[in-house]
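Student:
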Amino acid sequence: MNKVPNIKTKLPGPKSLEYLDYSKKYEPRSMSEQVPVVWNRAIGATVEDVDGNWFIDFTSGVLVTNIGHCHPRYVDEMKKQCEELYNCYDFVTSWRAMLAKKLVEITPENLGKAFILTTGSETIEAAIKLARRYKDGYEIISFNGAFHGRTYGGMSVGGKMGVKRGFGPTVPGTIHAYFPYCYRCAYDKTFPECDYWCFQSLDQAVDTQSTGEIAGLITEPYQGGAGSIIPPPGYLKKLENWCKEHDILFILDEVQASFGRTGFMFALERENLRPNLLCLGKGIGSGVPLAAIVGETEIMEVLDPGSMSSTYGGNPISSRAGLVAIDIIEKENLVENSAKVGEHMLNRFKEMQKKCEFIGDVRGQGLVLGLEIVHDKKTKEPAKDITKKIVDGCYQKGLILIAPIGFHGNVIRIAPPLMISQELADKGLDIFEEVIYGID
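Going by my numbering, the letters in the sequence shown line up with residues 3 to 442, in that order.
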């Protein structure tokens with residue numbers, strides 16, 4: 003463990019090949035997107051496969067294990083809870099009540115109630131239901147490129163064709179507007195000289211798609227699945243103000259952004275946003291199935307008792323895990339580490355960009371970064387083939403990356419656990435640099 007990465011076998015190793023064969027035979031091919039690492043255990047920001055090879059983890063699962071893998075205190079608390087109580091449906095437990103209290107305390111002061119669930123997609127479904135019931139409208143405005151989960155409501159408000167293909171018709175009432183993608187601006191403008199030219203697409207979308215019964219607008223603070231696309235400064239605040247002007251709910255999906263991931267506890271802090279509903283997931287539980295929607299009291303109370311619940315939502319194990327994870331994030335200064343190490347990594351990637359002909363764009367906040375790979379920096383032609391070579395090459399040298407993302411499959415997402423040291427991050431960056439300079 004002292005030497006990481008430590009690759010002992012040809013990759014994938016013999017034991018890995020056996021389990022990969024089982025997976026291919028008994029699981030659907032939709033589960034076969036990632037590099038062929040058969041995980042056995044993980045510690046901090048490192049992963050061991052079933053053959054005893056150790057890797058550096060730049061994935062956090064998928065932006066989940068913010069406190070790092072198998073944090074000793076976290077593991078101890080989970081062991082204790084497993085000896086006490088697993089599940090009790092909607093009956094109140096101390097852990098669920100305390101987690102709800104904690105979430106209300108650390109989110110913006112306008113939010114007064116928290117509904118504890120199991121996965122981010124559930125929070126999106128809950129947000130759509132709450133918005134429709136509260137506003138007596140049914141339309142939800144969303145954005146091209148958005149990812150809000152794979153359930154029908156989330157898929158419908160999402161803006162990625164790949165997620166929807168073959169599943170129509172989707173839930174009616176979704177309006178899609180253009181989300182700012184400054185590297186590939188649809189209007190051929192440059193920020194800040196453009197003065198948010200793309201914002202006009204919001205009014206255009208409403209004018210051409212709406213029946214006049216809008217309940218709310220949902221957005222991510224940055225678009226994760228579309229390629230870690232970060233809107234220009236001030237854009238999200240303009241969205242919030244637009245929602246107020248039109249008397250509709252402002253719903254913020256921070257499932258991929260919260261609990262320190264962007265260098266703030268919540269990404270909304272960057273522009274002092276005040277959403278009416280806030281969707282949380284992934285890093286909230288740092289490994290267990292846990293999510294939550296936190297909202298204004300009047301909105302959260304619109305549903306009658308028993309009208310919205312979840313079999314495993316707020317279960318004692320997950321609720322305790324959430325409280326422990328948040329406490330670790332706060333006490334071990336992981337938000338600050340995310341900002342510090344993230345800035346260091348961003349700067350190193352920008353230095354690589356200057357020397358490397360196919361790194362077209364580098365963007366990021368905290369410890370979520372995106373590198374857009376192109377064949378030519380002038381034409382910006384997406385280089386999906388090179389992107390895959392980079393991800394595969396890093397795997398062979400002991401660095402795990404998430405499968406390429408983005409509209410064109412040419413964006414590499416970097417998202418290590420928030421506790422990663424600069425030293426270990428640099429080891430991973432050294433591998434990445436070695437790989438990109440070795441590509442023909």
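The C-beta atom is built at its ideal place from N, Cα and C for all residues, glycine as well.
For V376, list the residues DSSP reports as bridge partners.
Tutor: Here the question's residue 376 lines up with position 374 in the sequence shown. BP columns for V376 point to P384.
Student: Are the CB atoms of C72 and A44 nearer to each other than 8 angstroms?
Tutor: Here residue 72 is taken as the residue at index 70 of the sequence shown, counted from 1. Here residue 44 is taken as the residue at index 42 of the sequence shown, counted from 1. In contact: C72 and A44 (Cβ atoms closer than 8 angstroms).
Student: How many whole angstroms separate the CB atoms of P406 and K382, which I take to be in contact at a CB cut-off of 8 angstroms?
Tutor: As a working mapping, residue 406 is identified with position 404 in the sequence shown. As a working mapping, residue 382 is identified with position 380 in the sequence shown. Rounded, the Cβ-Cβ distance is 16 angstroms, inconsistent with contact.
Student: By Cβ distance, which residues of its chain are closer than 8 angstroms to C84, with the 5 residues on each side in sequence left out?
Tutor: For this step, residue 84 is matched to residue 82 along the sequence shown. Excluding residues within five positions, the ones whose Cβ falls inside 8 angstroms are I319.
Student: I'd like to know whether the C-beta atoms of I126 and S288 end up nearer to each other than 8 angstroms.
Tutor: Position 124 of the sequence shown, counted from the first residue, corresponds to residue 126. Position 286 of the sequence shown, counted from the first residue, corresponds to residue 288. Taking 8 angstroms as the Cβ cut-off, I126 and S288 do not qualify as a contacting pair.
Student: Runs of 3 residues minimum, wholly inside the region 188-258: which ones carry the beta strand (DSSP E) assignment?
Tutor: Complete beta strand (DSSP E) runs here, min 3: 216-221, 251-255.
Student: Which stretch, first to last residue, makes up the alpha helix (DSSP H) that contains V437?
Tutor: By 1-based counting over the sequence shown, the position of residue 437 is 435. Note, V437: alpha helix (DSSP H), 424-439.
Student: Rounded to whole angstroms, what's the CA-CA distance from E50 to A188? Just pull it up for me.
Tutor: As a first step, residue 50 is located in the sequence shown; it is residue number 48 there, counting from the start. As a first step, residue 188 is located in the sequence shown; it is residue number 186 there, counting from the start. Straight-line Cα distance between these residues: approximately 43 angstroms.
Student: For the alpha helix (DSSP H) that contains S158, what are its first and last residues?
Tutor: Position 156 of the sequence shown, counting from 1, holds the residue named residue 158. Residues 154-159.
Student: Among residues of its own chain, excluding the 5 on either side of K131, which ones have a beta-carbon nearer than 7 angstroms to its beta-carbon?
Tutor: If you number the sequence shown from 1, residue 131 lands on position 129. Within the same chain, K131 has close Cβ partners M310.
Student: Do the CB positions of Q225 and G147 come within less than 8 angstroms of each other?
Tutor: By 1-based counting over the sequence shown, the position of residue 225 is 223. By 1-based counting over the sequence shown, the position of residue 147 is 145. Against a cut-off of 8 angstroms, the Cβ pair of G147 and Q225 comes out as a contact.
Student: What would DSSP say about S320, mapped onto helix, strand or coil?
Tutor: The sequence position of residue 320 within the sequence shown is 318, counting from 1. Of the three classes helix, strand and coil, the one that applies to S320 here is helix, per DSSP.
Student: How would you call Y28, buried or exposed, if buried means at least 16 neighbouring beta carbons within 10 angstroms?
Tutor: Taking the first residue of the sequence shown as 1, we reach residue 28 at position 26. Exposed, by the Cβ-count rule.
Student: For F60, which residues in the same chain have their Cβ closer than 7 angstroms to its Cβ, ignoring the five residues on either side in sequence?
Tutor: The residue you call residue 60 lines up with position 58 of the sequence shown. For F60, where only same-chain residues beyond five positions count, the Cβ hits under 7 angstroms are L401, I402, L403, I416, A417, P418, G430.
Student: Suppose the cutoff is 6 angstroms on Cβ atoms and the five residues either side in sequence are ignored; what does the same chain contact list for V326 look like?
Tutor: As a working mapping, residue 326 is identified with position 324 in the sequence shown. Within the same chain, V326 has close Cβ partners Y76, E79.
Student: Any contact between the region 245-263 and the region 175-194? By contact I mean 3 or more CB pairs, one from each, below 8 angstroms.
Tutor: Flag = no, the region 245-263 and the region 175-194 do not touch.
Student: For the alpha helix (DSSP H) containing T299, list its first residue and its last residue.
Tutor: Here residue 299 is taken as the residue at index 297 of the sequence shown, counted from 1. Segment 299-302, the alpha helix (DSSP H) holding T299.
Student: Determine the DSSP secondary structure at G368, reduced to helix, strand or coil.
Tutor: On the sequence shown, position 366 is the one that residue 368 refers to. Coil, per DSSP.
Student: Specify whether the region 106-113 and the region 148-161 touch according to this definition: at least 3 beta carbon pairs, one from each stretch, less than 8 angstroms apart.
Tutor: Contact fails: fewer than three Cβ-Cβ distances are below 8 angstroms.
Student: Report the start-end ranges of each alpha helix (DSSP H) in the region 116-167 that is 4 residues or longer and not cut off at the edges.
Tutor: DSSP runs (the alpha helix (DSSP H)) wholly in the region 116-167: 122-137, 154-159, 163-166.
Student: Consult DSSP for V106 and reduce its assignment to one of helix, strand or coil.
Tutor: By 1-based counting over the sequence shown, the position of residue 106 is 104. Correct three-state label for V106: helix.
Student: Does S288 come out as helix, strand or coil in the three-state DSSP assignment?
Tutor: As a first step, residue 288 is located in the sequence shown; it is residue number 286 there, counting from the start. S288 falls in the strand class under three-state DSSP.
Student: Secondary structure at C281, three-state DSSP: helix, strand or coil?
Tutor: Taking the first residue of the sequence shown as 1, we reach residue 281 at position 279. Reduced to three states, the DSSP call for C281 is strand.
Student: Between G265 and G236, what straight-line distance do the alpha-carbon atoms span, to the nearest angstrom?
Tutor: Taking the first residue of the sequence shown as 1, we reach residue 265 at position 263. Taking the first residue of the sequence shown as 1, we reach residue 236 at position 234. The straight-line gap from Cα to Cα measures roughly 17 angstroms.
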